[in-house]
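Just add 34 to wherever you are in the sequence shown, counting from 1, and you've got this note's numbering. No residue lacks a Cβ here, since even glycine has one placed at the ideal position from N, Cα and C. Notes for the one structure printed next.
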Amino acid sequence: MRVEHIAAFSTSGIGGNPAGVALCEILPEVDEMQRIAREIGYSETVFAAPMGKAWRVRYFSPAMEVPFCRHATIALGAILARSRGEGIFSLQLNDTAITVEGHAGTTLGAALQSPPTRSEPCPEDLLTTALHLFALEPGNLDNHLPPAIIEAGARHLVLALSGRDHLAAMTYDLATGADLMRAHGLATIALVYAATTSRFHARNAFAAGGVFEDAATGAAAAALGGYLRDLGWPHDSNIEIMQGEHMGQPCRPIVTIPDRPGASVRVSGAARLL
Numbered sequence: 035m036r037v038e039h040i041a042a043f044s045t046s047g048i049g050g051n052p053a054g055v056a057l058c059e060i061l062p063e064v065d066e067m068q069r070i071a072r073e074i075g076y077s078e079t080v081f082a083a084p085m086g087k088a089w090r091v092r093y094f095s096p097a098m099e100v101p102f103c104r105h106a107t108i109a110l111g112a113i114l115a116r117s118r119g120e121g122i123f124s125l126q127l128n129d130t131a132i133t134v135e136g137h138a139g140t141t142l143g144a145a146l147q148s149p150p151t152r153s154e155p156c157p158e159d160l161l162t163t164a165l166h167l168f169a170l171e172p173g174n175l176d177n178h179l180p181p182a183i184i185e186a187g188a189r190h191l192v193l194a195l196s197g198r199d200h201l202a203a204m205t206y207d208l209a210t211g212a213d214l215m216r217a218h219g220l221a222t223i224a225l226v227y228a229a230t231t232s233r234f235h236a237r238n239a240f241a242a243g244g245v246f247e248d249a250a251t252g253a254a255a256a257a258l259g260g261y262l263r264d265l266g267w268p269h270d271s272n273i274e275i276m277q278g279e280h281m282g283q284p285c286r287p288i289v290t291i292p293d294r295p296g297a298s299v300r301v302s303g304a305a306r307l308l
C-alpha cells in the first residue's frame, strides 16, 4: 500500500492542506490505519478501497478516526482522477454516502457534495467555556453572525469575530481544547472573520484530532455555508474561505450554496502533489 501526499485547497500552485491518500485493495485493520495516520502526521489521512461501484472510505487524524474530512476527500478525488481518470466517484463513509468529482487536467483538484447541513445556536455554557479557551470577550464577536453549532457530516462550533486582528491572535491550550471538543462532540472550533459577505478568513482549532490548527477544513467550510443559508446571509450562492495564511499554507475552499434549507452544499478546490 502506497500513501500519496497531496495538498488540497491550494491556491496559485502553492499552499494547501496536506493529506495522506492510501488507495487499498482492502482497508487495513483500524489499528494499522491509525498507526499510519500517526506516523504521517498530517491532520488527516484517508484510506479508500473498492466496494462494488463505489469506494469504502475512512479518515484518521493522528489521534483518532474522524467521520468525515473534506480536504482529505478533495485530495482523494484528485488522486482518483489522476489514477482512474476524471469523473464522479461514489464514496461510502461510516455513516453516509457522498460523491466527489475529480479532475486532473490543467489543474489537479476536485469538488464534492456535502452531507445535509444543519445549525443551531451555541449553548451558553459552551460559549462561555470556548471564549475563555481562546482568551476572547463577548465584545470580540460579530453580532451579525451569532455563535452556533454547525454540521455537514461533522459537528463544529463557529465563532465569528468582529476584527481580523482577533483572528491573527488565536491561541489556546491544546490539551484543554481537546477535552472541550471531545466533551461536546466537536470536530473543530472555527474562528472566522467576514471580510465581505462572500469572502471569509478562518482558522480552525483541531485539538480533538491532536493538531493545534488545520490549514483548511472543508467539512467546516461546508457547515459554514449551510449556517449562512440558515441565517439568510447574502452570499449570492458562493463564498470563498481564506485559511492557513497564519501557518504559511494559504488555502482557498470555494463553497457553492443552493437555496433549499438543509440541502447539500458543494465544496471545491485545487490540489497539488507534494
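Cβ neighbours of residue i in the same chain (closer than 7 Å, five flanking residues each side left out)
i	result
A212	A241 and A242
Local conformation of residue i per DSSP, three classes
i	result
N128	coil
M98	coil
P172	helix
E185	strand
S298	coil
Any non-hydrogen atom of the ligand FAD within 6 Å of residue i CB
i	result
Q147	With respect to small molecules bound, the structure shown includes none, and the ligand FAD cannot be examined in it.
Under 7 Å between C-beta atoms of residue i and residue j
i	j	result
T141	A304	yes
C103	A83	no
G136	A106	no
L220	L193	no
L161	P181	yes
F81	M67	yes
A253	A188	yes
P284	A250	no
R36	A145	no
S153	A186	no
R306	S95	no
Proximal residues to residue i (C-beta, below 6 Å), its chain only, five neighbours per side dropped
i	result
R263	I291
V245	S77
Exposed unless 16 or more other CB atoms sit within 10 angstroms - verdict on residue i
i	result
M215	buried
H190	buried
L73	The residue you asked about is not Leu; residue 73 is Glu in the sequence shown. Exposed: under 16 other Cβ atoms inside 10 Å.
S46	exposed
Neighbourhood of residue i by C-beta, 8 Å cutoff - its chain only, sequence neighbours within 5 removed
i	result
S232	H269, D270, N272, I273 and E274
Inter-residue CB distance, residue i and residue j (contact presumed, cutoff 8 Å)
i	j	result
A228	D159	No, A228 and D159 are not in contact; Cβ-Cβ is about 26 Å, not under 8 Å.
M204	R237	5 Å
L127	P101	7 Å
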